[in-house]
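What follows is a single structure, written as structure tokens, with notes after it.
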Amino acid sequence: MPVVLRFFSVLPLWLLHALGAALGWVAFCASARYRQRFCAHAALAGYSFGAVRAAVAHAGRMVAELPRLWLGAPLPCRLEGGACVEQAYAAGRGIVYLTPHQGCFELSAQAAARRWSAAHGPITVLYRPARQAWLARLMATARNRPGMLAVPTTLAGVRQMLLALRRGEAVGLLPDQVPPAGQGHWAPFFGRDAYTMTLAVRLARQTGAAIVLARCERLAWGRGFVTHFEPLAAPLASPLEAAVLQINQAMEQLIRQCPGQYLWGYARYKPPRAEAASPAEPGA
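Residue numbers (numbering that gives the first Met the number 0): 0 to 283.
Here is the structure:
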């Protein structure tokens, strides 16, 4: 399998996106469960299928571009709204980047690392190791790009993120990812309760880090990407439950800026899995 991934990592982006678009539609047509979840989640947000049908192809493009992201040459990505990042670093604060499952979300961290890590240290990103041994080994190395450090969703990984923030560095999280049981709160997301991580809020509160919202938009015809940055609209609310809701609302706003590239088929409302052996919450 690594040989196959390396083959795809050298293909031009336009070809990967064309193959991925076809893959996305094959998956959508082949799985009734996936179609139902996709349409139901879009409807919760007020979108008809016609309004977000582009997201079917973009889900496939996300998969097809992974070999290039992990193993290939850097992808072209323009940055917009970086003033809020510069301001946070100038104030001596660490940064918690938050991005939803939208567009090329992995590239948002890579692009930020290329721009700022030389001067301000690497970006530490949290990831869930794969169950397949070969894929777990690949992810552990491929995601450690220049200026980036990938850490697993364990207590040790969270501690590394805390240390990075206290050094004034940056970390990256997907706050619309369902955390394990005991590591989140139920909060509305597009009007329906979803189990939502508290980790982002706890990291920011314990270190004084700035929260920066990021979304990486995929351009048409393989022309590259644009990563947009913006600050959280208001300081984190109190208590914790209110801050978690605030993060969900911020993710909703990002998604509405480009709904055709959100992963509507992601199982956002599933119950959390049990994971008693590895509490990944600081200060719990």
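We put the CB at the ideal spot given by N, CA and C, even for glycine.
Taking Cβ positions, are residue i and residue j nearer each other than 8 Å?
i, j, result
"residue 250", "residue 178", "no"
"residue 195", "residue 165", "no"
"residue 101", "residue 253", "yes"
"residue 217", "residue 83", "no"
"residue 57", "residue 23", "yes"
"residue 271", "residue 183", "yes"
"residue 59", "residue 20", "yes"
"residue 197", "residue 213", "no"
"residue 186", "residue 193", "yes"
"residue 76", "residue 223", "yes"
"residue 111", "residue 145", "no"
"residue 91", "residue 163", "no"
What is the residue span of the beta strand (DSSP E) that residue i lies within?
i, result
"residue 79", "76–79"
"residue 126", "122–126"
"residue 191", "191–196"
What span of residues does the alpha helix (DSSP H) with residue i cover, start to end?
i, result
"residue 285", "Here the chain comprises residues numbered 0 to 283, so residue 285 is not present and cannot be evaluated."
"residue 148", "Premise fails: residue 148 lies in the beta strand (DSSP E), 147–151, not in any alpha helix (DSSP H)."
"residue 110", "104–119"
"residue 88", "82–89"
With a CB to CB cut of under 6 Å and the five nearest residues on each side skipped, what residues in its chain are close to residue i?
i, result
"residue 64", "15"
"residue 232", "none"
"residue 188", "247"
"residue 119", "88"
"residue 99", "175, 250, 253, 254"
"residue 275", "Below a pLDDT of 50, predicted positions are generally treated as unreliable, and residue 275, at 47, falls in that range; no measurement from the model is reported."
"residue 312", "Residue 312 cannot be examined here, being either before or after the span of the chain that is shown, 0 to 283."
"residue 17", "none"
"residue 6", "none"
"residue 44", "189"
Can you list, in chain order, the residues of its chain with a C-beta nearer than 7 Å to that of residue i? Leave out the 5 residues immediately preceding and following it.
i, result
"residue 34", "27"
"residue 263", "37, 40, 41, 51, 54"
"residue 108", "96, 122, 124, 147, 171"
"residue 220", "13"
"residue 277", "Residue confidence for residue 277 is low, a pLDDT of 45 falling below 50, so the modelled location carries little weight; the figure read from the coordinates is stated next. Cβ neighbours of residue 277 beyond the five flanking positions: 153, 154."
"residue 116", "122, 146"
"residue 323", "Absent from the structure is residue 323, since the part of the chain shown begins at 0 and ends at 283."
So for residue i, helix, strand or coil by DSSP?
i, result
"residue 167", "coil"
"residue 182", "coil"
"residue 176", "coil"
"residue 10", "coil"
"residue 359", "Here the chain comprises residues numbered 0 to 283, so residue 359 is not present and cannot be evaluated."
"residue 73", "coil"
"residue 1", "helix"
Which residues in the same chain as residue i place their Cβ atom closer than 8 Å to its Cβ, once the five residues preceding and following it in sequence are excluded?
i, result
"residue 71", "8, 9"
"residue 235", "200, 203, 204, 210, 242, 245"
"residue 260", "53, 54, 57, 101, 102, 216, 217"
"residue 159", "123, 148, 150"
"residue 79", "225, 226, 227, 228"
"residue 273", "179, 180"
Return the chain-ordered ranges of every beta strand (DSSP E) run that is complete within the stretch 26–70 and spans a minimum of 3 residues.
Counting only runs of 3 or more residues that sit fully inside the stretch 26–70, no beta strand (DSSP E) segment turns up.
Contained beta strand (DSSP E) runs [length at least 3] in the stretch 207–238, N- to C-terminal order:
Complete beta strand (DSSP E) runs here, min 3: 209–217, 224–230.
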